[in-house]
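Engineer: Residue numbers (our numbering), protein chains in the order written: chain P, 5 to 622; chain U, 5 to 241; chain Z, 3 to 163. Ideal Cβ positions, reconstructed from N, Cα and C, are used throughout, including at glycine. Supplied in structure tokens, the structure appears directly below.
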Amino acid sequence: MDRINSAADFDRLRTGLQSDYAPDHPWITVCGGTGCRVYGSEKVWNAFRDEITNKNMNATLTYDLKMTGCHGFCEKGPLVVIRPMGIMYTHVQVGDVPEIVAELANGRTVERLLYSDPKSGEIIEHEHDVSFYKHQQRLILNLNGILDPFRIDEYIALGGYTSLEKVLGSMSPEQVIAELKASGLRGRGGAGYPTGSKWEMCRKQPGEIKYVICNADEGDPGAYMDRSIMEGNPHRVLEGMTIGAYAIGADQGYVYIRNEYPLAVKHLRQAIKQAQEYGFLGTNILGSGFDFNVNIKLGSGAFVCGEETALMASIEGRVGEPRPRPPYPTTAGLWGKPTNINNVKSWASVPIIIERGADWYADIGTETSKGTMIFSVVGNINNTGLVEVPMGISLRELIYEIGGGIPHGNTFKAAQIGGPSGGCIPAQHLDTPIDYESLTALGAIMGSGGLVVADEDTCMVDFARYFMQFTQEESCGKCVPCRVGTKAMLETLKRICAGEGQLGDMDYLLELGEEVKRSSLCGLGQTAPNPVLSTIHYFRDEYEAHIVDKTCPAKVCKALITYSIIPENCTGCMVCLRNCPSDAITGTKQEVHVIDADLCTRCGMCISVCKFDAILVT
Amino acid sequence: MIRLMIDERPIEVPEGRTILEACREHGIHVPTLCYHPALEPYGACRLCMVELSQPTRPPRLVAACTHPCEQGAVVTTDSETVRRSRRMTVELLLAGAFNDPELLALADELGLDEVRFRLPEEDACVLCGLCVRACQEIVGVSAISLTNRGISKEVSPPFRIVSPTCIGCGTCVLICPTGALQLNDVTGFRSVHPVDSEYDRVYCQVCDDLDLKPSLIQDLEVLLSKHAAYTVDQEEN
Amino acid sequence: MRISISEINQLISQEMLGDGSLISVLEEIQQRYRYLPREALILASERLDVPLSQAYAVATFYNAFSLKPKGKHCLQVCMGTACHVRGSPQVLNRIETTLGIAAGETTPDMLFTLETVNCLGACALGPIVVTDGEYSGQMTVQKSDMLLKRIMRTEEVKKDG
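This is how it looks when you write it as structure tokens:
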């Protein structure tokens, strides 16, 4: 690999590569995202390789094989897409491979592996016709299902690093900042601070040494878009960071990434190495005289380190405790130097904005929230996956058109948006356009884009308790409102779920929640009460049912439910009896069984084994 | 010079002063727990919350001990919002330190009549971190630290056994605002941890003749009474 | 597991990359021994010139570090939101009862360590249990029983053989 020392070198390289990676090149792409790997996509990839090479299929079949990053449609993994046509196969297993290859050679498809629309039952052949993809606008994720993340050449052939070349060759740092400001991009880490303005503040700070940091400490449970970007297209993040460093005047960058994401770390390490070899990182980048390098720092399992001041403390090798702001990191950040921290999605948006122009970008989205947002749609939903949509789309479209609605014919109850510190939005607000302001007005936050769907079987008190438990465990313990306040809230919620709620509990939770939000030191405490406050606001009746009537309407809270057997359905098969871990079920063969309510722990084992729906929960 | 309003009084302070320093200089009472003038401000106890209004932002609560005085800011130290916040903070502090006289007095002052949440065990330590910071910033031995996290956070020497760097000076005891650390925890013993450890406490092997002599305590008191921020100012002048 | 001082020294040297390397060093040690032996923590603090109290604070603050040795097999139950709504608490409960330990503990025979993790980002497959780095998706109470039985059987075979 020769180092690129000028714009001319770069053009020559790119032109050469474009023929190798032409858009109409026939590829069999296997999804290599973490989800699909769990489903066994590596074995599927191996099977394709063996099938093609061993049987010498290439004599008749000209398809090349590659493993890409996450395609996003995790529900249907392992995913295989035949390009350039875009034929999408779902749940592909090793045994399916010979058939797929044979049919491909004959120009046919394997119908049983194609996607079938859950609503219409229609069989859909092409990826771009599937409703999950059809309603998305994929800017950041656009290359995720196409690129081999290990090949920098492919990224270059598809237009990668041209934005960097444009910036270094023809734009001043001030022009780059002006472009970012004009694009209206706001920080995708959650708070939504205008990115261009942040860069400008950092640039204007006196001092020779400045840092840029990519916050990849994606800790929100149920959110994995940052991981997916780093796994699937690591170079775009690096390109964005390099452009940012040039605009700000930094020569050192850090990616702070969770150690729970080994694959993303591996891909990023490889990408940094390749970028250094080509000279997109290092000294005198593309012959411009600009120097920049990136190091990786691994997080060690502390959610609070997603908070920027805690993150910097962690990079410095200390305990990840947040400190008060001001001073803001742009003034005094890492090792006391001006530091610009942005989220993975923000950095990955930068090359796109430079390439397509600020005006084009600012046309997407709403008045105050520009561009696209990636949501990880999880929970009680048909199409679990990563979804990139323009800001301003309605929750309804997101959940029903893209997400395919709620499984098992259940009804939608609430969407928890913005991670564990987000809020629950009920059905009456499904048509609200999603942007920073309207989410805040509804008591939720954009956060990192986690979206958990809850259906009628979800108990909102228990749901709130779950999030409170998470934030309470992740509180660093430095400031009193967060350390003791979240504990007090959690214990109160636990009491309510256990049927020991008292009349004043809701008022106490509301009062305490407001004070924890107002008085906590960092964003964790300042948002932690949101799930509780929003569920009390929208689902007060459920709290009242727990506290006053001592019932759990969703039949979730164990202390408030009992199991019994429906005599008409019970065949006396003894399966539940044998499986009950607490020996709470008695009966003999072909006679109706009985559950002893005192012994029963409501573990759910009998429900999961009963084939006759004979267990009643009341 | 920075000009701002505190409790409807126009106040002028040199740049770099925190709101708390400005308040103390002008005799405005703001309660604190984790603050000590000889140490770097920490912003953990949240008792010193004051209401800050700036032309560009809606009013919000900030910790006076860490927030700098800003040009044109309007600060209220005793509004109902402030009192509500402090009342809740004291209530939460009393959840563990339920017999601390200073906190009880503060509760009285703020009109707090009921503590609605109790931690399972009484612990006078409110994790203000003064002992840890004094040990690091003043004594310079870092014998103790705040360990674990969240509700399990505690002050402890490494491995919860005698610290090899403790010199038994007792600064931590002197600076403790709630009496969680007692002098006899330190005198003669090097371990300051209030919880029994799995190891027997031992006398200092290097300096077993060291005792907390009255003169040493006096010296430390003088050291602690120095105001860090003003020391810097004098040097500049 | 034997703890070799010279080996720890080697690990520290590899990771010493200037300021802020304490966490990287501890990560290396944790990876090598699957816990932070006391000797290693003391050695790291001395070599990196970081007060031991600070190294100890770091070791007890971050979830990735453990001061106690872990069992031969590590079971991690994902407690992320998606797994939670799909029933991971029941799965965890079941494993806890079967092994007779709570999450975060190790069985007395040092065979199993049970942990909970916050979202592994494979939410479509929830509930997820990771056994020694291998993911199992869509777990149920029954499947978790089978999983444990499989591991115990191989252990039995090893003992007998």
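Buried or exposed for Trp351/P, going by 16 or more other Cβ atoms inside 10 Å?
Structural biologist: Along the first sequence, read from residue 1 onward, the residue named residue 351/P stands at position 347. Flag for Trp351/P reads buried.
Engineer: Whose C-alpha, out of Met53/U, Asp82/U, Glu141/U and Cys180/U, is nearest the C-alpha of Pro72/U?
Structural biologist: Stepping through the second sequence from its first residue, residue 72/U is reached at position 68. With distances taken between Cα atoms, Pro72/U lies closest to Met53/U.
Engineer: Measuring CB to CB, does Val159/U end up less than 8 Å from Val136/U?
Structural biologist: The residue you call residue 159/U lines up with position 155 of the second sequence. The residue you call residue 136/U lines up with position 132 of the second sequence. Yes; because the gap between Cβ atoms is below 8 Å, this pair is in contact.
Engineer: Is the shortest distance between the beta-carbon of Arg49/Z and the beta-carbons of chain B less than 8 Å?
Structural biologist: Here chain B cannot be found, since the structure's protein chains are P, U and Z.
Engineer: Which residue from Gly426/P, Gly389/P and Ile397/P puts its Cα closest to that of Gly408/P?
Structural biologist: The count along the first sequence starts at 1 and reaches residue 408/P at position 404. Residue Gly389/P is the option with its Cα nearest to Gly408/P.
Engineer: Between Ile500/P and Leu51/U, what straight-line distance do the alpha-carbon atoms span, to the nearest angstrom?
Structural biologist: As a position in the first sequence, residue 500/P is number 496, starting the count at 1. As a position in the second sequence, residue 51/U is number 47, starting the count at 1. If you take the alpha carbons of Ile500/P and Leu51/U, they lie about 30 Å apart.
Engineer: With a threshold of 7 Å (Cβ to nearest heavy atom), would Ser452/P be considered close to the ligand ADP?
Structural biologist: Ligands are entirely absent from the displayed structure, and the ligand ADP is therefore not among its contents.
Engineer: Over what stretch of residues does the beta strand (DSSP E) that includes Glu392/P continue unbroken?
Structural biologist: On the first sequence, residue 392/P is found 388 positions in, with the first residue counted as 1. Here the beta strand (DSSP E) through Glu392/P covers Gly389 to Pro394.
Engineer: Could you name the residues of chain Z that Tyr215/P contacts, counting a contact when the two beta carbons are closer than 8 Å?
Structural biologist: Taking the first sequence and counting its residues from 1, the one referred to as residue 215/P is at position 211. Residues of chain Z passing the Cβ test: none, with the nearest at roughly 12 Å.
Engineer: Can you find a CB in chain P that lies within less than 8 Å of the CB of Arg34/Z?
Structural biologist: The residue labelled residue 34/Z in the question sits at position 32 within the third sequence. Not one chain P Cβ lies under 8 Å of Arg34/Z.
Engineer: Give the secondary structure of Ala418/P by DSSP, where H, G and I count as helix, E and B as strand, and everything else as coil.
Structural biologist: As a working note, residue 418/P is residue 414 in the first sequence. Strand.
Engineer: Using a Cβ-Cβ cut-off of less than 7 Å, list which residues of the stretch 130-149 of chain P approach chain Z; keep chain order.
Structural biologist: Correct list: empty, as no residue qualifies.
Engineer: Would the stretch 27-36 of chain P count as touching the stretch 83-95 of chain P if we require 3 or more Cβ pairs under 8 Å?
Structural biologist: Yes, since at least three Cβ pairs between the stretch 27-36 of chain P and the stretch 83-95 of chain P fall closer than 8 Å, the two stretches touch.
Engineer: Across the stretch 601-611 of chain P and the stretch 76-96 of chain Z, are there enough close Cβ pairs to call them in contact, namely three or more that are closer than 8 Å?
Structural biologist: With the cut-off at 8 Å, the stretch 601-611 of chain P and the stretch 76-96 of chain Z touch.
Engineer: Counting only beta-carbon separations shorter than 8 Å, does Arg137/U have a partner in chain Z?
Structural biologist: As a first step, residue 137/U is located in the second sequence; it is residue number 133 there, counting from the start. So, not an interface residue.
Engineer: Buried or exposed for Asn237/P, going by 16 or more other Cβ atoms inside 10 Å?
Structural biologist: Here the question's residue 237/P lines up with position 233 in the first sequence. By the 10 Å Cβ count, Asn237/P comes out buried.
Engineer: Quick check on the DSSP output: what are the complete alpha helix (DSSP H) runs of length 4 or more inside the stretch 313-355 of chain P, in order along the chain?
Structural biologist: Complete alpha helix (DSSP H) runs here, min 4: none at all.
Engineer: Assuming Ala220/P is part of the alpha helix (DSSP H), what are its boundary residues?
Structural biologist: Within the first sequence, numbered from 1, the residue matching residue 220/P stands at position 216. Where Ala220/P is concerned, there is no enclosing alpha helix (DSSP H), although the beta strand (DSSP E) it sits in stretches over Tyr215 to Ala220.
Engineer: Does the CB of Ser57/U have a neighbour CB from chain P at under 8 Å?
Structural biologist: Position 53 of the second sequence, counting from 1, holds the residue named residue 57/U. Judged by the 8 Å Cβ criterion, Ser57/U is not in contact with chain P.
Engineer: Ser195/U to Glu141/U, Cα distance in whole Å?
Structural biologist: Position 191 of the second sequence, counted from the start, is the residue given in the question as residue 195/U. Position 137 of the second sequence, counted from the start, is the residue given in the question as residue 141/U. With a pLDDT of only 43 at Ser195/U, under 50, the local geometry of the prediction cannot be trusted, and no value is derived from it.
Engineer: Mind reading off the beta-carbon distance from Tyr228/P to Ser380/P? Whole number of angstroms is fine, and I expect it under 8 Å.
Structural biologist: Indexing the first sequence from 1 puts residue 228/P at position 224. Indexing the first sequence from 1 puts residue 380/P at position 376. Yes, they are in contact, since the Cβ atoms of Tyr228/P and Ser380/P sit about 6 Å apart, within 8 Å.
Engineer: Is the stretch 160-169 of chain P touching the stretch 408-423 of chain P in the sense that three or more CB pairs, one from each, lie closer than 8 Å?
Structural biologist: Contact between the stretch 408-423 of chain P and the stretch 160-169 of chain P is absent, because fewer than three Cβ pairs lie under 8 Å.
Engineer: Count the other CB atoms, across all protein chains shown, that sit within 10 Å of the CB of Ala458/P; report buried if there are 16 or more and exposed otherwise.
Structural biologist: Locating residue 458/P in the first sequence gives position 454, where the first residue counts as 1. Buried, by the Cβ-count rule.
Engineer: When you compare the CB positions of Glu16/U and Arg7/U, do they come within less than 8 Å of one another, or not?
Structural biologist: Start at 1 with the first residue of the second sequence, and residue 16/U comes out as number 12. Start at 1 with the first residue of the second sequence, and residue 7/U comes out as number 3. Result yes, Cβ atoms of Glu16/U and Arg7/U sit closer than 8 Å.
Engineer: For the 8 Å Cβ check, are there 3 or more pairs between the stretch 151-163 of chain P and the stretch 12-26 of chain P?
Structural biologist: The stretch 151-163 of chain P, when compared against the stretch 12-26 of chain P, does touch it at the 8 Å Cβ threshold.
Engineer: One question on the structure: do Leu24/U and Tyr39/U come within less than 8 Å of each other, judged by their Cβ atoms?
Structural biologist: What you label residue 24/U is simply residue 20 of the second sequence in a count that begins at 1. What you label residue 39/U is simply residue 35 of the second sequence in a count that begins at 1. Yes; because the gap between Cβ atoms is below 8 Å, this pair is in contact.
Engineer: Ile148/U versus chain Z: which residues are under 7 Å apart at the beta carbon?
Structural biologist: Taking the second sequence and counting its residues from 1, the one referred to as residue 148/U is at position 144. Neighbours of Ile148/U on chain Z, chain order: Ser55.
Engineer: Given a threshold of 16 other Cβ atoms within 10 Å of its Cβ, counted over all protein chains shown, does Asp213/U qualify as buried or as exposed?
Structural biologist: Locating residue 213/U in the second sequence gives position 209, where the first residue counts as 1. Its pLDDT being 38, under 50, Asp213/U is placed unreliably in this model, and the value from its coordinates should be taken loosely. Asp213/U should be labelled exposed.
Engineer: Considering only their Cβ atoms, is the gap separating Glu55/U from Pro62/U smaller than 8 Å?
Structural biologist: Working through the second sequence from its first residue, we reach residue 62/U at position 58. Working through the second sequence from its first residue, we reach residue 55/U at position 51. No.
Engineer: Among all the DSSP beta bridges, which residues are the ones paired with Ser167/U?
Structural biologist: Residue numbering aside, residue 167/U sits at position 163 when the second sequence is read from its first letter. In DSSP, Ser167/U forms no bridge with anything.
Engineer: Have a look at Gly100/U and Ile155/U and give me their C-alpha separation to the nearest angstrom.
Structural biologist: The residue you call residue 100/U lines up with position 96 of the second sequence. The residue you call residue 155/U lines up with position 151 of the second sequence. Cα to Cα, the separation comes out at about 11 Å.
Engineer: Just to make sure I have the definition right: I need the residues of chain Z whose C-beta is within less than 8 Å of the C-beta of Tyr43/P. Which are they?
Structural biologist: On the first sequence, position 39 is the one that residue 43/P refers to. Simply Leu127 and Gly139.
Engineer: Please work out which residues of its chain come closer than 7 Å, Cβ to Cβ, to Phe307/P, disregarding the five sequence neighbours upstream and downstream, and give them in chain order.
Structural biologist: Taking the first residue of the first sequence as position 1, residue 307/P is located at position 303. Within the same chain, Phe307/P has close Cβ partners Gly223 and Glu478.
Engineer: So for Ser26/Z, helix, strand or coil by DSSP?
Structural biologist: Counting from one through the third sequence, the residue named residue 26/Z turns up at place 24. Ser26/Z falls in the helix class under three-state DSSP.
Engineer: Are the stretch 116-126 of chain Z and the stretch 74-86 of chain Z touching by the rule of at least three beta carbon pairs closer than 8 Å?
Structural biologist: With the cut-off at 8 Å, the stretch 116-126 of chain Z and the stretch 74-86 of chain Z touch.
Engineer: Within the stretch 8-35 of chain U, note down every full alpha helix (DSSP H) run reaching 4 residues or more, in order along the chain.
Structural biologist: Qualifying alpha helix (DSSP H) stretches, in chain order: 23-29.
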